[in-house]
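In what follows, a structure is listed as structure tokens, so that the remarks can point back to it.
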Amino acid sequence: MPTPPPTGPLVTRDTLAAQLREIGVHSGETLLAHSSLSSLGWVCGGPVAVVQALLDALGPEGTLVVPTQTGDLSDPAVWSNPPVPEEWWEPIRVTMPPYDPAVTPTRGVGVVPETVRTWPGALRSAHPQTSFAALGPRAAEIVGGHALDCRLGERSPLARLEALHARVLLLGAGYDTCTSFHLAEYRIPSPLVKVGRPGPKGWEVVTEVSITSDRFDELGHDFERDRPVVRGKAGAADVRLFPVADAVAYAQRWLGIHRPRAEEI
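Taken in order, the sequence shown gives residues 3 to 267; the numbers are from the numbering used here.
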């Protein structure tokens, strides 16, 4: 049976760049992009065209930042999608390759961030589970110094993005992907957890702030209701554009009300 033709719309580098500019992405700004390639329609050139369009909209003075997370570099005892047999846990811990910013692929963040990660000139932060990659004049300033015991807090690229007045672009992605909300978790009472991962000298366990994207969709709904959020379309995708600082400040208040206190968890 023949494969049905794509439903479209047809998206090209030029049409996407024009739509991004129309929505409000402007030359020279710093943009944290969360994306879903499949939501756009039929993209001529796939993820390469999307990255080119983002860079076109930002111009040579702009900086593009994406999450390049590697959640699979974690303790197999907590894996659930899918779980692995308990007798595998220790062999996995012993043999799992440690994080290498130049080599370790992304996981669970989509094909556009993986394309940015491998783009000529891209820089990537040092955290083995929650790294970010960046392209542009401010890339080193943003991704440098990502503390190994601070996934998404004050010593991560998120805090630098906030200070630089960066904005978030949700390009077909939902608020459940909005990493800026996690920075707020570091500013409210939150429990600490032990996090296992492979290190350069073998398996290591560090103490971290507990983070979760549970209820981020609900948080995003309220944020969009109460704060100025630019809304539009790019191809077939819904697009949202807003300052990192606004998202963090709103989430800090919202989570303080709607999340149980740390001692109650």
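By construction, the Cβ of each residue, glycine as well, lies at the ideal position given by its N, Cα and C atoms. Please read all numbers here as calculations on a predicted model, not as lab measurements.
Buried or exposed by the 16-neighbour rule on C-beta atoms within 10 Å, applied to residue i
i: E266; result: With a pLDDT of only 38 at E266, under the threshold of 50, the placement of this residue in the model should not be trusted, and no figure is reported.
i: V105; result: exposed
i: E164; result: buried
i: E156; result: exposed
i: L257; result: buried
i: T179; result: buried
i: A264; result: Unreliable positioning characterises A264 in this predicted model, as indicated by a pLDDT of 45, which lies under 50. The coordinate reading is nonetheless provided below. A264 is exposed by the Cβ-count criterion.
i: E31; result: buried
i: H167; result: exposed
i: T97; result: exposed
i: P230; result: exposed
i: H260; result: exposed
i: V232; result: exposed
i: V145; result: buried
i: T117; result: buried
i: A149; result: exposed
i: A79; result: exposed
i: E89; result: exposed
i: E220; result: exposed
N-terminal and C-terminal residue of the alpha helix (DSSP H) that residue i is part of
i: L288; result: Missing from the structure shown is residue 288; the chain here goes from 3 to 267 and no further.
i: V118; result: 113-119
i: R23; result: 15-25
i: R95; result: 91-97
i: L154; result: Note, L154: premise wrong, no alpha helix (DSSP H); not H, not E.
i: R162; result: 159-165
i: E31; result: Neither: E31 is in no alpha helix (DSSP H) and is coded neither H nor E.
i: G222; result: 218-228
i: V145; result: 141-145
Top-ranked residue by Cα proximity to residue i, from the options
i: V114; options: P230, F134, R95, L243; result: F134
i: D216; options: Y177, G146, W91; result: Y177
i: P99; options: A161, H260, T72, V246; result: T72
i: P247; options: P93, V86, R169; result: Per the sequence shown, residue 247 should be read as Ala rather than Pro. Among P93, V86, R169, the Cα nearest to that of A247 is on R169.
i: I25; options: G146, R242, P122; result: R242
i: D74; options: L66, D224, T117, P84; result: P84
i: K235; options: P6, S29, S37; result: S37
i: D224; options: I213, Q254, K196; result: Q254
i: S158; options: L171, A128, L137, A175; result: A128
i: D58; options: G204, L171, Y101, R23; result: R23
i: P69; options: A55, H184, S40; result: H184
i: P202; options: A55, G237, F218, R95; result: R95
i: A101; options: T209, G237, G61, G204; result: In the sequence as presented, Ala is not what sits at residue 101; that position holds Tyr. The option with the nearest alpha carbon to Y101 is G204.
i: V111; options: V195, D151, P93, S40; result: S40
i: P200; options: E92, E88, Q21, C46; result: E92
CB contact flag (residue i, residue j, <8 Å)
i: A251; j: L173; result: no
i: V27; j: L34; result: no
i: A142; j: L154; result: no
i: V207; j: G198; result: yes
i: S192; j: L160; result: no
i: T108; j: R119; result: yes
i: P122; j: E63; result: no
i: L66; j: L137; result: yes
i: W44; j: P8; result: yes
i: P11; j: G222; result: no
i: T214; j: K196; result: no
Element boundaries [beta strand (DSSP E), containing residue i]
i: L137; result: 134-137
i: A239; result: 239-245
i: G48; result: Per DSSP, G48 belongs to no beta strand (DSSP E); it is in the alpha helix (DSSP H), 48-60.
i: G10; result: Here G10 belongs to no beta strand (DSSP E), and DSSP marks it neither H nor E.
i: V211; result: 204-211
i: V67; result: 65-69
i: L185; result: Note, L185: premise wrong, no beta strand (DSSP E); alpha helix (DSSP H) at 182-187.
inquiry  = Check whether the segment 41-51 and the segment 7-16 are in contact - that is, three or more C-beta pairs closer than 8 Å.
reply    = Result yes; three or more Cβ-Cβ pairs closer than 8 Å.
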